[in-house]
Amino acid sequence: MIISCDDELDTQYSSIYTDMKHLTSDLCKIYYEKGYRILRFNEYIIITRYLNYIPSIHRYEELSEYIKIFRKTLVNWSHEDLINLLIEIDNILDGRYIAIKINCNGKNDKASIFRDPLGLASLYSNEKILSDQKKLIYGLIKEDFNRIVFSVPPGIWYNFSKVDNRIWYYKALNDSMWRENPHHIKLTSSLDKVSRLYLDYLLIRLEMIRKKEKIKNVLVAYSGGVDSSLTAKLAIESGLNVEIAIIYSKGSKDEVIYEYAYKAFPDADVKPIVFDQDQLHNDLKSIIYVVENYSPINISVAIPEYYLFAYSGTKHVFMGQGSDELFGGYKKYVDNYEMANELIKKDVIRSYRANFEREDKLSRFFNKVLYYPLISPAITIFALNLPLEYKILSREDHLRKWVVRYASKYLDLPDDIVLREKRSMQYSTGSMKLLRKIAKKMNTSLTNLLYDIYSETVLKLYK
244 MIISCDDELD TQYSSIYTDM KHLTSDLCKI YYEKGYRILR FNEYIIITRY
294 LNYIPSIHRY EELSEYIKIF RKTLVNWSHE DLINLLIEID NILDGRYIAI
344 KINCNGKNDK ASIFRDPLGL ASLYSNEKIL SDQKKLIYGL IKEDFNRIVF
394 SVPPGIWYNF SKVDNRIWYY KALNDSMWRE NPHHIKLTSS LDKVSRLYLD
444 YLLIRLEMIR KKEKIKNVLV AYSGGVDSSL TAKLAIESGL NVEIAIIYSK
494 GSKDEVIYEY AYKAFPDADV KPIVFDQDQL HNDLKSIIYV VENYSPINIS
544 VAIPEYYLFA YSGTKHVFMG QGSDELFGGY KKYVDNYEMA NELIKKDVIR
594 SYRANFERED KLSRFFNKVL YYPLISPAIT IFALNLPLEY KILSREDHLR
644 KWVVRYASKY LDLPDDIVLR EKRSMQYSTG SMKLLRKIAK KMNTSLTNLL
694 YDIYSETVLK LYK
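The sequence shown lines up with residues 244 to 706 when you count with the numbering used here.
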């Protein structure tokens, strides 16, 4: 067992609740308690570890104009101009953050909260409280548990006003990011040029991150597929010391991933992280406690990620998330070819709930810094404005995601990796199979097992 979910683990939350009783209502003052940043205004409370003043986000008014210019440049195709526009967009928006801006004049003080446009930083609300953890909200709403706790959509301003004494939404960014229909855009450039632009920007962005964050060593989560292979190769090309982590359960399909790793990266250190049924049974309560979810699919994906962060000796972790959604990697896009563009857009918008929140909480719990080298706000705008034929070649395309595959080929990754079909992590690592065995051993359904643990750990602060 890596951690314990007994009462002593919740002492930090109990002390926060006690300390908050002494905080005065002041829309213009941020308190710092137990590593959290807290803003209290009448019955409204914001409590998160992410709250920051981010000057660049105040340039959000410029974004729509940048996107219009980008779309025109994409059609006319200027490699250098497109790279510069991608850099400019990410200079404004890129990162994992909850931004705040405060306007205090003594009469109608106002505060606005903004969740990064991809939703990399977790943020939940029950209309009265905003927090990066559900359990903090549950611990504060004992008298009003029927109020639904929901995930705050990214890319909007969440506004507070002293005079109005209310919260309201103002959609500022993501409307312009998602609005364009790629059916209306006709490119004269080839798939080769589009893929080279994508690769060039990935390398430029990673170099900017490396210098800004002063990263030297990195652990890459590796599955043997094209996304994680491209992520590892980018890290190596950027001059980082790379350790490759392969996470699987004993006897699962991913035991054979070694051969892919050694073939593609003969000079990199390969770190096996192996878990079994007994270990998972002991750690399952901890996993659910951290990710605050009881969906079988979500938990089965969280299991290998949990062990990745738990056993990583490196502070900085890279994961290859994002490109399946952006570049049409899932089989359902071929199965629903006429609706593929709309499905891709919806999946990109929902990525914060499907993946980012879970991985955000896991990485922070183990004090790791998580990066996604294959996705950013600018890359998202770029990908969503590409016509479908640049992602999926035909209705019979069983590989898909060709922009990513071409980019990987340009970095000399082996063909058996570049052309490898996608597999689901929860099945290839064996985590779903082990979950079902545990539920069967306990003579209950998997759904009931996970919800009971969720109720016992996450909801117990309410009870």
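Even glycine gets a Cβ: it sits at the ideal position worked out from N, Cα and C.
A quick note: this is a predicted structure, and the numbers were derived from the prediction, not measured.
- In the DSSP assignment, residue 626 falls within the unbroken alpha helix (DSSP H) covering 620-627.
- DSSP, reduced to helix, strand and coil, places residue 340 outside both helices and strands of the structure shown, so it counts as coil.
- Residue 465: member of the beta strand (DSSP E) spanning 460-465, first to last residue.
- Taken in chain order, the whole alpha helix (DSSP H) runs of length 4 or more contained in the region 516-600 are 520-534, 539-553, 566-569, 575-578 and 583-592.
- Contact between the region 466-482 and the region 500-509 is present, with at least three C-beta pairs closer than 8 Å.
- The closest CA to that of residue 295, considering only 376, 339, 313 and 327, is found on 339.
- Pairing residue 643 with residue 576 gives a Cβ-Cβ distance under 8 Å.
- Taking residue 350 as reference, the option from 489, 404 and 589 with the minimal CA-CA separation is 404.
- Per DSSP, residue 508 lies in no alpha helix (DSSP H) segment and is marked neither H nor E.
- From the listed residues 563, 372 and 343, the smallest Cα separation to residue 384 is found for 372.
- Residue environment analysis places residue 623 among the buried positions, since at least 16 neighbouring C-beta atoms fall within 10 angstroms of its C-beta.
- By the neighbour-count definition (other C-beta atoms within 10 Å, threshold 16), residue 562 is a buried residue.
- Secondary structure of residue 499 (DSSP, three-state): helix.
- Exclusion of the five residues before and after residue 494 leaves 673 as the residues of its chain whose Cβ lies within less than 8 Å of its Cβ.
- Here DSSP, grouped into helix, strand and coil, assigns residue 486 to strand.
- Its Cα nearest to that of residue 430, the residue 314 stands out among 603, 694, 314 and 552.
- Residue 457: not part of any beta strand (DSSP E); DSSP gives it neither H nor E.
- Secondary structure note for residue 282: its beta strand (DSSP E) is the uninterrupted segment 279-284.
- If you draw a straight line from the Cα of residue 382 to the Cα of residue 690, it is about 24 Å long.
- Short of 8 Å from the beta carbon of residue 481, and not among the five residues preceding or following it, lie these beta carbons of its own chain, in chain order: 446, 449, 450 and 453.
- Going by DSSP, residue 274 is part of no alpha helix (DSSP H) but of the beta strand (DSSP E) stretching over 274-276.
- Only residues of its own chain outside the window of five on either side were considered, and among them 486 have a CB closer than 6 Å to the CB of residue 512, listed in chain order.
- Assignment of beta-bridge partners to residue 294 by DSSP yields 341.
- By alpha-carbon distance to residue 316, the top candidate from 557, 522, 374 and 437 is 437.
- In this structure, residue 441 lies near residue 646, with their beta-carbon atoms less than 8 Å apart.
- Contact check for residue 531 against residue 696 passes: the beta carbons are separated by less than 8 Å.
- DSSP places residue 691 outside any beta strand (DSSP E); the residue lies instead in the alpha helix (DSSP H), whose first and last residues are 689-700.
- For the pair of segments examined, the region 542-561 was found to touch the region 460-469: the number of CB pairs separated by less than 8 Å reaches three.
- Ranking 365, 353 and 343 by CA distance to the CA of residue 606 puts 365 first.
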